[in-house]
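Novice:
Residue numbers (this note's numbering): 25 to 141.
(1) With 16 other CB atoms within 10 Å as the buried threshold, where does residue 108 fall?
(2) In the DSSP assignment, the beta strand (DSSP E) including residue 116 goes from what residue to what residue?
(3) Counting Cβ pairs, one atom from each stretch, are 3 or more of them under 8 Å apart for the region 123 to 141 and the region 60 to 74?
(4) Taking 9 Å as the cut-off, decide whether the C-beta atoms of residue 85 and residue 57 are in contact.
(5) Where residue 90 and residue 121 are concerned, what is the direct C-alpha to C-alpha distance, given to the nearest angstrom?
(6) Within its chain, find whatever has a CB closer than 6 Å to the CB of residue 83; leave out the 5 residues flanking it on each side and keep chain order.
(7) Using a Cβ-based criterion (distance less than 8 Å to any ligand heavy atom), does residue 101 qualify as near the ligand ADP?
(8) Indicate whether residue 102 and residue 79 have their beta-carbon atoms separated by less than 9 Å.
(9) Helix, strand or coil for residue 40 per DSSP?
(10) Measuring alpha carbon to alpha carbon, tell me which residue in 40, 63 and 110 is nearest residue 138.
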């Protein structure tokens, strides 16, 4: 009648999406490039994460090189870890090569860890 229930449901869905997104980033921080001892988030390999209201997680990412030995295994590892998050119904990974990855995409923490600062 007043629409309050709808607003509350929308806020709850938005909160749930935010919680799931934070958990996705936590999961991504547990995935490591096989050639560089830094997690893929800090390496700057994750370009975008989006969680919709139905629990579908879209991840746009790259690898350090198209010839990276993890080109098959990394997306599968990510999908498995993200699918294990409560509320996630599907994981879609878009592996892209543009823009290409370079060291400028690394976080300060990654640079420190690799002795680049």
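We put the CB at the ideal spot given by N, CA and C, even for glycine. Source: prediction; values computed, not measured.
Specialist: The answer reads as follows:
(1) By the neighbour-count rule (16 or more Cβ atoms within 10 Å), residue 108 is not buried but exposed.
(2) Looking at the DSSP string, the run of the beta strand (DSSP E) that includes residue 116 is 114 to 119.
(3) Contact between the region 123 to 141 and the region 60 to 74 is present, because at least three Cβ pairs lie under 8 Å.
(4) In this structure, residue 57 does not lie closer than 9 Å to residue 85 by Cβ.
(5) Roughly 7 Å between the two C-alpha positions.
(6) Cβ neighbours of residue 83 beyond the five flanking positions: 73 and 117.
(7) The ligand ADP is not among the ligands present in this structure, which contains no ligands whatsoever.
(8) Cβ distance not < 9 Å, so residue 102 and residue 79 don't count as in contact.
(9) DSSP places residue 40 in helix when its eight states are reduced to three.
(10) Residue 63 is the option with its Cα nearest to residue 138.
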